[in-house]
Amino acid sequence: MSLLEVEDLAIHFGGVKAVDGVSFAVEAGEVFSIIGPNGAGKSTIFNLISRLYKPTRGKIMFDGRDITPLQAHEIAPLGLARTFQNIELFDHSTVLDNLLMGRHTHRSTNWVQDMLFVPAVRRAERAHRRKVEDVIEFLELEAYRDKLIAGLPYGVRKVVEIGRALAVGPKLILLDEPASGLSVEESQEVAYWIEDMRRDMGLTVLMVEHDMSLVTQVSDRVLAVANGQPLAQGSPAEVQSDPRVMAAYLGTEVYT
Amino acid sequence: MKVIFKTSYDNDIDLHEDGWARGRIALLVVVMAALPFLVGEYYLAEAANTLIWSLAGMGLMVLVGHTGQASLGHAAFLAIGAYTDVALMNIGVPWIISFPLAGLATGLFGALVAIPAVRMSGIYLAIATLALFVIVEEMVILLEPITGGVGGLMAPSIEIFGVNFDRYTNLNNFYWLCLAVVVAVTWLYANLLRSPTGRSFLAVRDSEVSARALGINITRTRALAFGLSCGMTGLAGSLLGHYIAYFNYELFSVFISINLLLVVTIGGLGFIQGAFMGAILITAVPQLIAILRGTVNDLTGIDLSVLPGLDTLIFSAILIGFIIYEPAGLWGRWLKTRVWFQLFPLARRDMFRRQKSYLKTERQR
Numbered sequence: 001m002s003l004l005e006v007e008d009l010a011i012h013f014g015g016v017k018a019v020d021g022v023s024f025a026v027e028a029g030e031v032f033s034i035i036g037p038n039g040a041g042k043s044t045i046f047n048l049i050s051r052l053y054k055p056t057r058g059k060i061m062f063d064g065r066d067i068t069p070l071q072a073h074e075i076a077p078l079g080l081a082r083t084f085q086n087i088e089l090f091d092h093s094t095v096l097d098n099l100l101m102g103r104h105t106h107r108s109t110n111w112v113q114d115m116l117f118v119p120a121v122r123r124a125e126r127a128h129r130r131k132v133e134d135v136i137e138f139l140e141l142e143a144y145r146d147k148l149i150a151g152l153p154y155g156v157r158k159v160v161e162i163g164r165a166l167a168v169g170p171k172l173i174l175l176d177e178p179a180s181g182l183s184v185e186e187s188q189e190v191a192y193w194i195e196d197m198r199r200d201m202g203l204t205v206l207m208v209e210h211d212m213s214l215v216t217q218v219s220d221r222v223l224a225v226a227n228g229q230p231l232a233q234g235s236p237a238e239v240q241s242d243p244r245v246m247a248a249y250l251g252t253e254v255y256t
Numbered sequence: 001m002k003v004i005f006k007t008s009y010d011n012d013i014d015l016h017e018d019g020w021a022r023g024r025i026a027l028l029v030v031v032m033a034a035l036p037f038l039v040g041e042y043y044l045a046e047a048a049n050t051l052i053w054s055l056a057g058m059g060l061m062v063l064v065g066h067t068g069q070a071s072l073g074h075a076a077f078l079a080i081g082a083y084t085d086v087a088l089m090n091i092g093v094p095w096i097i098s099f100p101l102a103g104l105a106t107g108l109f110g111a112l113v114a115i116p117a118v119r120m121s122g123i124y125l126a127i128a129t130l131a132l133f134v135i136v137e138e139m140v141i142l143l144e145p146i147t148g149g150v151g152g153l154m155a156p157s158i159e160i161f162g163v164n165f166d167r168y169t170n171l172n173n174f175y176w177l178c179l180a181v182v183v184a185v186t187w188l189y190a191n192l193l194r195s196p197t198g199r200s201f202l203a204v205r206d207s208e209v210s211a212r213a214l215g216i217n218i219t220r221t222r223a224l225a226f227g228l229s230c231g232m233t234g235l236a237g238s239l240l241g242h243y244i245a246y247f248n249y250e251l252f253s254v255f256i257s258i259n260l261l262l263v264v265t266i267g268g269l270g271f272i273q274g275a276f277m278g279a280i281l282i283t284a285v286p287q288l289i290a291i292l293r294g295t296v297n298d299l300t301g302i303d304l305s306v307l308p309g310l311d312t313l314i315f316s317a318i319l320i321g322f323i324i325y326e327p328a329g330l331w332g333r334w335l336k337t338r339v340w341f342q343l344f345p346l347a348r349r350d351m352f353r354r355q356k357s358y359l360k361t362e363r364q365r
């Protein structure tokens, strides 16, 4: 059984069919990419999976469970974390605190214990910190640990977003354009991280990305969408050479 | 510049960065505790007033500074705290029990109100809390058997295990009582901020959509923040009742709500210290104006008391000045000054220049 199954997913905003009948399945341990021109509905699919939007039609199954009726905050505890295309970090906190906020689903103390700061809170904080330090080491964020997000360069913020999603300790991580706005070297780094996530952490990665070199490098399978509808699905090479995909990107018939 | 050498995760978990910081706080508490022996009765009463305002300011700070919710109705929660405490004492409950109960009742009321209210945000929430304030004010007048209606009521003298803490006959004791409450609440608040609960408040403030994606239940977090905020304000209200001793609904006017907002904004949003700075300012400025009036009258013979709006004018000018020139408030200004001295002579002029950026949660809506 697949880790994530999306069946006939659709959302309509008034007359706009942002996503219309998209189905795909992500197997455990694979890197699955969604590509498509601007406005194709890629990020909308992500927002549907993380339940920020309510689908008009269709079903989302995660880990054998129907998550369609759940609320947005009930998704992360199941082991599904995400990043945002336009960085959504907590700007007035440090990198460390941002990553610790990613540990929210693992909190073991309630607010009364927190206010009294009973020994259990300190123990839990130490445990969270150890997990977060693993993430910091993995993404090489040591130099920025105590820096405020507001003062960080774009590339680093992008990495902190990935780090915060990793701190959740997910089974499946949704990366919404992890390489957009990054330099060639930085996006190459992202590619290595994605490979490490899969190989060393056993994560499944679902990614929306425009950078085709990154997509071809790391993806096992690719789904192309345009105008909210699926165009083609298969290995990166198959999808890239699909005439319908080329037409969607270039806007006309392709003459060879 | 001082660099802290961290050797364990506990360095980051502890409340203070090192022994010096801990020592400074201890020294401050000692000086505050010794205040009755250092200043006269008049200034001691003012200090008690400042402590009560700090407590109420911390209450609003949880909500406005750390969770990003506006409230124009906090005078209502002061009133609920004050009346609950006095009502319980009047039926024979000792203060040591009625005081926490007053805080609890106000907190519960706040949390209940919050469940529908937190669906709103920004200006709408501010208006809703203002409406709540009007309702509570009317209720206070209508519930005459408990609240004394328009006539008001007398707060009984506080007795704990035979020791009297009356504001007039034993001002020193009353002051120490206020100090103890403020120290305890500050400690709880500081703990909150270094724990997962406090982080979830900040998350809700800075980006709702990623807070939800991280598994934070927005409605519950906001309701909790509302409850804690109202609870602290209720405790302050109860102390304020005993401080004023004889009060009616007019003590809790809408201007108190606005002054509380001034406390947190001028003090510095998002800092516990800000609540104290704001409280000091808001209680000191009327005194300074009174002194100024006297001096002007003595020197020039001009009687400024014919200008009744002078206080409001000066307050407004201070507020506008802060919003334009120092949005981080008094505490933010102090932090910047400290960095300037730490880096001396390397501080640059535009080091703290604000980058124009919009709150993400506002963009998402």
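Sequence lines, in order, name chains R and S.
Position one of the first sequence corresponds to residue 1 (the UniProt record's numbering), numbered consecutively onward.
Position one of the second sequence corresponds to residue 1 (the UniProt record's numbering), numbered consecutively onward.
Quick reminder that beta carbons are idealized off the backbone N, C-alpha and C, glycines included.
Everything numeric in this text was worked out from a predicted model, so none of it was measured.
Secondary structure within the region 157–227 of chain S: the alpha helix (DSSP H) runs of 4 or more consecutive residues, fully enclosed, are 171–193, 196–206 and 208–213 (chain order). Between the region 274–285 of chain S and the region 210–217 of chain S, the count of Cβ pairs shorter than 8 Å is below three; the stretches do not touch. By the 16-neighbour rule on beta-carbons within 10 angstroms, residue 1 of chain R is exposed. In the assembly as shown, residue 69 of chain S is a buried residue. Its beta-carbon has 16 or more other beta-carbons within 10 Å.
Residue 61 of chain R has R:5 and R:66 as its beta-bridge partners, per DSSP. Interface flag for residue 109 of chain R against chain S is set, since a Cβ pair is found closer than 8 Å.
Residue 115 of chain R has a beta carbon lying within less than 8 Å of a beta carbon in chain S. It is roughly 24 Å from the alpha-carbon of residue 90 of chain R to the alpha-carbon of residue 324 of chain S.
In the three-state reduction of the DSSP assignment, residue 328 of chain S falls in the coil class.
Against residue 13 of chain R, chain S offers no close residue; the least beta-carbon distance is about 15 Å (beta-carbon pairs closer than 8 Å). Pairwise C-beta distances place the region 82–90 of chain S in contact with the region 100–111 of chain S, as three or more of them are shorter than 8 Å. Under the 8 Å Cβ criterion, the region 32–52 of chain R does not count as touching the region 188–197 of chain S, having fewer than three qualifying pairs.
Residue 57 of chain S places its beta carbon 8 Å or farther from that of residue 132 of chain S. Of all residues in the region 90–105 of chain R, the ones placed with a Cβ closer than 8 Å to any Cβ belonging to chain S are 90, 91, 92, 93, 96, 97, 100, 101, 102, 103, 104 and 105, in chain order. The residue among R:39, R:81, R:8 and R:69 with its C-alpha nearest the C-alpha of residue 166 of chain R is R:81.
One thing to note: residue 221 of chain R has its Cβ within 8 Å of the Cβ of residue 234 of chain R.
When Cβ pairs closer than 8 Å are counted between the two stretches, the region 167–186 of chain R is seen not to touch the region 113–124 of chain R, the count staying below three. For residue 219 of chain S, the CB contacts under 8 Å within the same chain, skipping 5 residues up- and downstream, are 115, 118 and 119 in chain order. Against chain S, the beta carbon of residue 18 of chain R has no neighbour under 7 Å; the closest one sits roughly 17 Å away. Residue pairing from DSSP leaves residue 156 of chain R without any beta-bridge partner.
Counting only the Cα atoms, residue 99 of chain S lies some 7 Å from residue 238 of chain S.
Using beta-carbon distances, residue 197 of chain S counts as an interface residue toward chain R, with a partner under 8 Å. Following the DSSP letters along the chain, one finds residue 39 of chain S in no alpha helix (DSSP H), marked with neither H nor E. Between residue 322 of chain S and residue 265 of chain S, the C-beta spacing is below 8 Å. For residue 130 of chain S, the enclosing alpha helix (DSSP H) stretches over residues 122–142. Rounded to whole angstroms, residue 156 of chain S and residue 256 of chain S show a C-alpha spacing of 23 Å. The DSSP-derived three-state label of residue 233 of chain R is strand. By the C-beta criterion, the region 139–158 of chain R is judged to be in contact with the region 95–108 of chain R, since at least 3 inter-stretch pairs fall below 8 Å. Comparing alpha carbon positions, the residue from R:160, R:212, R:209 and R:171 closest to residue 197 of chain R is R:171.
When only Cα atoms are considered, residue 228 of chain R and residue 38 of chain R end up about 11 Å apart. For residue 207 of chain R, no alpha helix (DSSP H) segment is defined; the enclosing uninterrupted segment is the beta strand (DSSP E) at 204–208. Taking 8 Å as the upper bound for CB-CB distance, residue 184 of chain S and residue 52 of chain S are not in contact here, some 14 Å apart.
In the three-state DSSP reduction, residue 224 of chain R falls in the strand class (E or B). In the DSSP assignment, residue 18 of chain S falls outside any alpha helix (DSSP H), carrying neither H nor E. What residue 270 of chain S touches in chain R, judged by beta-carbon distance under 8 Å, is 92, going in chain order.
Under the 10 Å beta carbon count, residue 207 of chain R is surrounded by 16 or more other beta carbons and is classified as buried.
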